[in-house]
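Student:
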Amino acid sequence: MKKWIKRIGLGLLAIMIIAGAGFYVYTLDYSKADAQAKEAFAQSVEQSKTIHAYLTNKSDVGIIFYPGGKVEAMAYSVLGLELSEQGFSTFIVDMPFNLAVFDIDAANRVRKLNPQIKTWFIMGHSLGGAMAFSHYDANTEKYAGLILLAAYPLKITSKPILILAGSNDKVLDSSNLDVFETTWIQGGNHAQFGNYGLQKGDGAATLSAREQRAITIESISDFIQVSLFS
9 MKKWIKRIGL GLLAIMIIAG AGFYVYTLDY SKADAQAKEA FAQSVEQSKT IHAYLTNKSD
69 VGIIFYPGGK VEAMAYSVLG LELSEQGFST FIVDMPFNLA VFDIDAANRV RKLNPQIKTW
129 FIMGHSLGGA MAFSHYDANT EKYAGLILLA AYPLKITSKP ILILAGSNDK VLDSSNLDVF
189 ETTWIQGGNH AQFGNYGLQK GDGAATLSAR EQRAITIESI SDFIQVSLFS
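In my numbering, the protein residues as written are 9 to 238.
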């Protein structure tokens with residue numbers, strides 16, 4: 009009997025080791041920031057090992073950003089820098105294993121580190137958007153709104169949300185956006201919300217990453233202004 013128990017225990021241990029090794033290998037395969045993103049990253053302020061900020065004194069509005077699944081946080085540095093140039097202090101969270109699902113409430117740390125900011129928005133791309141929604145839905149009173157890039161709310165809500173998606177996005181299941189008001193970027197795709205190159209399964213964009221980012225930033229700026237004065 010003891011031998012059988014020992015064998016079962018060893019078998020379970022072996023399964024756990026194999027599963028752990030498989031997950032580790034899985035997380036090693038992720039999309040990395042391009043040269044432009046690395047250059048923009050150099051202008052950020054490291055507030056902690058997992059939080060990099062693009063600060064501005066132009067306003068007391070902050071945006072917390074959750075990266076897409078298996079995408080290096082640095083890949084969104086250009087977007088973060090350009091949002092700060094519009095007057096919004098922007099905070100990009102480096103997620104464990106590049107997966108926001110492992111730190112859904114990371115935004116709490118960002119807010120705690122920056123008490124000078126009075127108005128907060130939370131934003132995410134793809135899987136990061138889904139996790140940003142989960143946090144936002146449970147902490148709505150702490151935010152003026154949610155911004156989703158190539159992502160959709162996990163349930164119907166009347167809370168302030170801006171949804172942006174590229175018309176050529178082949179990664180996102182666009183049918184999930186049918187019941188939500190969505191701003192479609194004509195010719196945009198999934199990957200060009202960040203700076204990490206092509207993404208497997210994505211559609212080809214018919215406008216440049218710079219153009220897609222400009223439309224994105226303009227839409228976000230308009231949404232924030234409306235939210236602040238409504």
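Idealized CB from N, CA, C, for every residue including glycine.
By Cβ distance, which residues of its chain are closer than 8 Å to residue 38, with the 5 residues on each side in sequence left out?
Tutor: Reading the sequence shown from its first residue, position 30 is the one you call residue 38. Hits under 8 Å: 78, 79, 80 and 106.
Student: Does DSSP put residue 97 in a helix, in a strand, or in coil?
Tutor: By one-based count along the sequence shown, residue 97 stands at place 89. DSSP places residue 97 in strand when its eight states are reduced to three.
Student: Determine the direct distance from the alpha carbon of residue 145 to that of residue 210, and round the result to whole angstroms.
Tutor: Counting from 1 along the sequence shown, the entry for residue 210 is found at position 202. Counting from 1 along the sequence shown, the entry for residue 145 is found at position 137. So the alpha carbons of these two residues sit roughly 29 Å apart.
Student: Using only CA atoms, which one of 223, 214, 203 and 213 lies nearest to residue 46?
Tutor: Along the sequence shown, one-based indexing puts residue 46 at 38. When each option's Cα is compared against that of residue 46, the closest is 203.
Student: Got a sec, what are the start and stop residues for the alpha helix (DSSP H) residue 143 sits in?
Tutor: Numbered from its first residue, the sequence shown carries residue 143 at position 135. Looking at the DSSP string, the run of the alpha helix (DSSP H) that includes residue 143 is 135-146.
Student: With DSSP run on the structure shown, which of helix, strand or coil describes residue 165?
Tutor: Mapped onto the sequence shown, residue 165 falls at position 157. Coil at residue 165, not helix or strand.
Student: Mapping the DSSP letters down to three states, classify residue 131 as helix, strand or coil.
Tutor: One-based indexing of the sequence shown puts residue 131 at position 123. Residue state, collapsed to three classes: strand.
Student: Residue 194 by DSSP, collapsed to three states: which one?
Tutor: Within the sequence shown, residue 194 is the residue found at index 186, counting from 1. In the structure shown, residue 194 sits in coil (DSSP, three-state: anything other than H, G, I, E or B).
Student: Would you kindly check if the distance between the Cβ of residue 235 and the Cβ of residue 168 is under 8 Å?
Tutor: In the sequence shown, the residue the question calls residue 168 occupies position 160. In the sequence shown, the residue the question calls residue 235 occupies position 227. Their beta carbons are under 8 Å apart, which means residue 168 touches residue 235 by this criterion.
Student: Would you decide whether residue 233 is buried or exposed? Buried here means 16 or more other CB atoms lie within 10 Å of its CB.
Tutor: By one-based count along the sequence shown, residue 233 stands at place 225. So residue 233 ends up on the exposed side.
Student: Using only the alpha-carbon positions, how far apart do residue 229 and residue 117 sit?
Tutor: Residue mapping note: residue 229 aligns to position 221 of the sequence shown, counting from 1. Residue mapping note: residue 117 aligns to position 109 of the sequence shown, counting from 1. If you take the alpha carbons of residue 229 and residue 117, they lie about 24 Å apart.
Student: Taking 8 Å as the threshold (C-beta atoms), are residue 62 and residue 108 in contact?
Tutor: Locating residue 108 in the sequence shown gives position 100, counting from the first residue. Locating residue 62 in the sequence shown gives position 54, counting from the first residue. Result no, Cβ atoms of residue 108 and residue 62 do not sit closer than 8 Å.
Student: When you compare only the Cα positions, how much space is there between residue 49 and residue 72?
Tutor: Locating residue 49 in the sequence shown gives position 41, where the first residue counts as 1. Locating residue 72 in the sequence shown gives position 64, where the first residue counts as 1. Rounded to the nearest angstrom, the two C-alpha atoms are 16 Å apart.
Student: Quick check on this structure: which residue in 177, 194 and 85 has the alpha carbon closest to the alpha carbon of residue 207?
Tutor: Within the sequence shown, residue 207 is the residue found at index 199, counting from 1. Among 177, 194 and 85, the Cα nearest to that of residue 207 belongs to 177.
Student: How about the segment 53-69 and the segment 118-135: do they share at least three Cβ pairs that are nearer than 8 Å?
Tutor: Output reads yes: the segment 118-135 touches the segment 53-69.
Student: DSSP state of residue 232, grouped into three classes?
Tutor: Numbered from 1 along the sequence shown, position 224 holds the residue referred to as residue 232. Helix.
Student: Could you check which residue in 212, 231, 200 and 91 has the C-alpha nearest to that of residue 219?
Tutor: In the sequence shown, residue 219 corresponds to position 211, counting from 1. If we check each option's Cα against that of residue 219, 200 comes out closest.
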